[in-house]
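Chemist: For the record, the sequence lines run as chains A and B.
All you need for the working numbering is the position in the first sequence, starting with 1, plus 472.
All you need for the working numbering is the position in the second sequence, starting with 1, plus 472.
There are 2 protein chains.
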Amino acid sequence: MSIAASEDLSARLMRALGDCAAMVTEYMDGAIARAGGPSPRLAAAMRHAALAGGKRLRPFLVIESAALFGVARTAALPAAAALECVHCYSLVHDDLPAMDDDDLRRGQPTVHRAFDEATAILAGDGLLTLAFEILAREDAGPDAHARIALVAGLARAAGAGGMVGGQMLDLAAEGRFAAAGRGAATAGDIEHLQALKTGALLHYACEAGAVLGGASAAERASLETYARAIGRAFQIADDLLDVEGDAGEVGKAVGKDAAAGKATLVDLMGVPGARAELARLVEEARAALAGFGSKATLLAEAANFIANRRN
Amino acid sequence: MSIAASEDLSARLMRALGDCAAMVTEYMDGAIARAGGPSPRLAAAMRHAALAGGKRLRPFLVIESAALFGVARTAALPAAAALECVHCYSLVHDDLPAMDDDDLRRGQPTVHRAFDEATAILAGDGLLTLAFEILAREDAGPDAHARIALVAGLARAAGAGGMVGGQMLDLAAEGRFAAAGRGAATAGDIEHLQALKTGALLHYACEAGAVLGGASAAERASLETYARAIGRAFQIADDLLDVEGDAGEVGKAVGKDAAAGKATLVDLMGVPGARAELARLVEEARAALAGFGSKATLLAEAANFIANRRN
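(1) What number of angstroms, rounded off, separates the C-alpha of Leu-665/A from the C-alpha of Asp-573/A?
(2) Applying the 10 Å Cβ sphere with the 16-neighbour rule, what's the burial state of Pro-512/B?
(3) Could you say which of Gly-763/B, Leu-668/B, Val-743/B and Gly-660/B lies nearest to Ala-690/B if we only look at CA atoms?
(4) Do Leu-695/B and Glu-536/B have their C-beta atoms within less than 8 angstroms of each other?
(5) So what's Leu-514/A in DSSP terms, helix, strand or just coil?
(6) What residues from chain A crowd round Thr-601/B, counting only those whose CB sits closer than 8 angstroms?
(7) Please return the same chain residues whose Cβ sits closer than 6 angstroms to the Cβ of Val-496/B, not counting the five positions on each side in sequence.
(8) With a threshold of 6 angstroms on Cβ separation, who are the neighbours of Arg-654/B within its own chain once the five nearest residues in sequence on each side are excluded?
(9) Scan the stretch 492 to 526 of chain A for residues whose Cβ lies nearer than 8 angstroms to a Cβ of chain B and list them as they occur along the chain.
(10) Quick one: what does DSSP say Arg-484/B is sitting in, helix, strand or coil?
(11) Within the chosen definition, does the stretch 616 to 633 of chain B reach the stretch 586 to 598 of chain B through at least 3 CB pairs nearer than 8 angstroms?
(12) Could you tell me which chain A residues have their CB closer than 9 angstroms to the CB of Val-623/B, listed as they occur along the chain?
(13) Return no unless some Cβ of chain B is closer than 8 angstroms to the Cβ of Glu-536/A.
(14) Report the neighbours of Ile-593/B on chain A: residues whose CB is nearer than 8 angstroms to its CB, in chain order.
(15) For Met-486/A, would you say it is in contact with chain B, using Cβ-to-Cβ distances shorter than 8 angstroms as the test?
(16) Ala-554/A touches chain B at which residues, Cβ-Cβ below 7 angstroms?
(17) Tell me the DSSP bridge mates of Leu-576/B?
(18) How close, in whole Å, do the beta carbons of Ile-708/A and Leu-737/A come, if the pair is a contact with beta carbons under 8 angstroms?
(19) Using a cut-off of 9 angstroms between C-beta atoms, extract the partners of Leu-668/A located in chain B.
(20) Name the residue from Pro-744/A, Thr-591/A and Ala-751/A whose alpha carbon lies nearest to the alpha carbon of Met-571/B.
(21) Could you name each continuous alpha helix (DSSP H) segment of 4 residues or more that falls completely within the stretch 744 to 770 of chain B, going from the start of the chain to the end?
(22) Among Leu-713/A, Leu-641/A and Ala-682/A, which residue has its Cα nearest to the Cα of Val-743/A?
(23) Counting only beta-carbon atoms, is Asp-597/A nearer than 8 angstroms to chain B?
(24) Give a yes or no on whether 8 angstroms exceeds the smallest Cβ distance from Glu-663/B to chain A.
(25) Do you know offhand how far Gly-625/B's Cα is from Glu-716/A's?
(26) Assuming Arg-577/A contacts Asp-588/A (C-beta within less than 8 angstroms), just tell me the rounded distance between them.
(27) What is the DSSP secondary structure of Leu-803/A, counted as helix, strand or coil?
(28) What residue from Gly-508/A, Ala-493/A, Ala-488/A and Arg-781/A has the CA that sits closest to Ala-627/B's CA?
(29) Name the chain C residues that come within less than 9 angstroms of Glu-773/A, Cβ to Cβ?
(30) Determine the DSSP secondary structure at Glu-679/A, reduced to helix, strand or coil.
(31) Is Ala-757/B closer than 8 angstroms to Tyr-698/B when the C-beta atoms are compared?
(32) Ala-521/B by DSSP, collapsed to three states: which one?
(33) What's the C-alpha gap between Ala-652/B and Gly-660/B?
(34) According to DSSP, is Arg-609/B helix, strand or coil?
(35) Counting only C-beta atoms, is Gly-653/A closer than 8 angstroms to chain B at any point?
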């Protein structure tokens, strides 16, 4: 591909991401208003957590995966927004003083800094619950079977066997618990942890598209390969940003892994090794999409974007 | 009814509650094992939160409400266990230092005392998510429509417009937030708060039974009246225990409302007034069940139990 064509594609992806972000933010805004609740403070904290920026990468993956099967963006939007609610809740709880103790998220004060800890805990709980409320709505899937499949998949991806389990392993990797045996992490351990902590939701994003689109088993398998590759790329890119990034640009504190004494894949592979692995994963992700032809152009470009993002 | 017959009924209820508790505990144990997760510490914290006692009143209400329509106990068990997961998660998060800061729950150390705060936050998140994973399983309802209705109802009852919203109002009633205007609570405010904080899940218990049983609109309305009355009775009984109870018997700290400067209905009505209101609510609950005949005997007795419980 020529450099000009590649630049066009990158610009198309940025526009599509921006359009998706606007749609998802509007949908979440409406969903928080509908879920209502009697406490303006709680609603404000949920809005702070859910509406203040973010690339909306996971919703984009839902919408683009579903589009492979001809599903309209508006039809994929509730599932996309539900997933983003789960992502946002996880950030709120991860940032709490008892967890990662972060003051800054997306360039803004974290929820417990902008409000208080109790409000942050409840806002996170409210967003997690809202995700399932959204998936149970009539417009969330073509029929009750699809909606139940979306609920089952999201609960699996988000729960103790997925994201929450990965976060727990991550705390253990920081040596939080005396029994955990800090410092002995292998590449396999770190990959397992990250496959759960960040990979599970990225994987679900593509799974949701497959459910909405009624994908065949072979199509699902291709999307799974893609999802696994971008999940790994996402985490390696994140680790690189933690080593090399600038807090102002990244929008959150950097250098935290080293400060926490936490082993990352970048430690084990070195920066050049990590960059080579990223390139390999992008190729793997793109190859997995080959069968979908030109409908998968933006998803393929998204793999590039994930590997090379600056924040 | 003679005293002897009444004693028989009370004994029958205790036996039925005990049987239900055993079934639900076994189901939750299996569900936590299935949801697996790679962290033994997280699983242990979830088990501590979910399996260490409790009356299992909400699951009992699901099972007995469903039984009004001839639904077998085993068929109502997943929905019953899912609801109990939500109840248990809410206790874990409510007990956190940033919330009610309790050391004791059901006579045991709270999860953040037995483990640590981060683990308690994640164990709560894991149990909330597990509830929806359970409801999405094939055996959770007669068909996908029923399962989606159960998901929708639970999410509504548990979220910002239900339990989480009520908990937020409760924190505000304690004067936690400068803007909240402490001390001006009316009986209407307190009832609204409590209808959300504890009433919403009790209400859902009966709603779940109606969904599983395919109840008519009139039958649903009767169960709703029952649920509203026992919800109010539950809270007044709780407030009385906080005033009059003994920590050893109650299994958690008492006198906390007064210490927090929190107005309760017992403050507004006085102890004799609260007792009279309890008696009225029990009669209202029992009357709502009249149309179900003898099938509702245990639910009617449960209203008594809720109003007069000692812990």
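The beta-carbon is built from N, C-alpha and C at its ideal position, and this holds for glycine as well.
Every value quoted in this text rests on a predicted model; they were computed, and no experiment measured them.
Modeler: Per the coordinate set shown:
(1) 20 angstroms
(2) exposed
(3) From the listed residues Gly-763/B, Leu-668/B, Val-743/B and Gly-660/B, the smallest Cα separation to Ala-690/B is found for Gly-763/B.
(4) no
(5) helix
(6) Leu-600, Ala-627, Ala-630, Gly-631, Ala-632 and Val-636
(7) Arg-528, Pro-531, Ala-552, Ala-553 and Glu-556
(8) Residue confidence for Arg-654/B is low, a pLDDT of 46 falling below 50, so the modelled location carries little weight; the figure read from the coordinates is stated next. These residues qualify, in order along the chain: Gly-647.
(9) Listed by position, the residues of the stretch 492 to 526 of chain A near chain B (Cβ gap below 8 angstroms) are Ile-504, Ala-507, Gly-508, Gly-509, Pro-510, Ser-511, Arg-513, Leu-514, Ala-515 and Met-518.
(10) helix
(11) no
(12) Phe-604, Glu-605, Leu-607, Ala-608, Arg-619, Ile-620 and Val-623
(13) no
(14) Contact note: Ile-593/B reaches chain A through His-565, Leu-568, Ala-570, Met-571 and Ile-593, using a C-beta cutoff of 8 angstroms and chain order.
(15) no
(16) Simply none; closest approach about 10 angstroms.
(17) Pro-581/B
(18) Rounded to whole angstroms, the Cβ separation of Ile-708/A and Leu-737/A is 6 angstroms, and the two are in contact under 8 angstroms.
(19) Gly-509 and Pro-510
(20) Thr-591/A
(21) none
(22) Leu-713/A
(23) Yes, because at least one Cβ of chain B sits closer than 8 angstroms to the Cβ of Asp-597/A.
(24) So, not an interface residue.
(25) Between Gly-625/B and Glu-716/A, the C-alpha separation is close to 47 angstroms.
(26) The pair is not a contact, with the Cβ atoms about 16 angstroms apart (cut-off 8 angstroms).
(27) Within the shown structure, residues of chain A are numbered from 473 to 783, placing residue 803/A beyond reach of any answer.
(28) Among Gly-508/A, Ala-493/A, Ala-488/A and Arg-781/A, the Cα nearest to that of Ala-627/B belongs to Gly-508/A.
(29) The structure shown has no chain C; the protein chains it does contain are A and B.
(30) Correct three-state label for Glu-679/A: helix.
(31) yes
(32) helix
(33) Any reading at Ala-652/B must be qualified, since the residue scores a pLDDT of 46, below 50, and its modelled position is unreliable; the value itself is stated next. Cα to Cα, Ala-652/B sits roughly 16 angstroms from Gly-660/B.
(34) Residue state, collapsed to three classes: coil.
(35) Summary for Gly-653/A: the model assigns pLDDT 46, below 50, so the residue's position carries little reliability; its value from the coordinates is reported in the next sentence. Closer than 8 angstroms: no.
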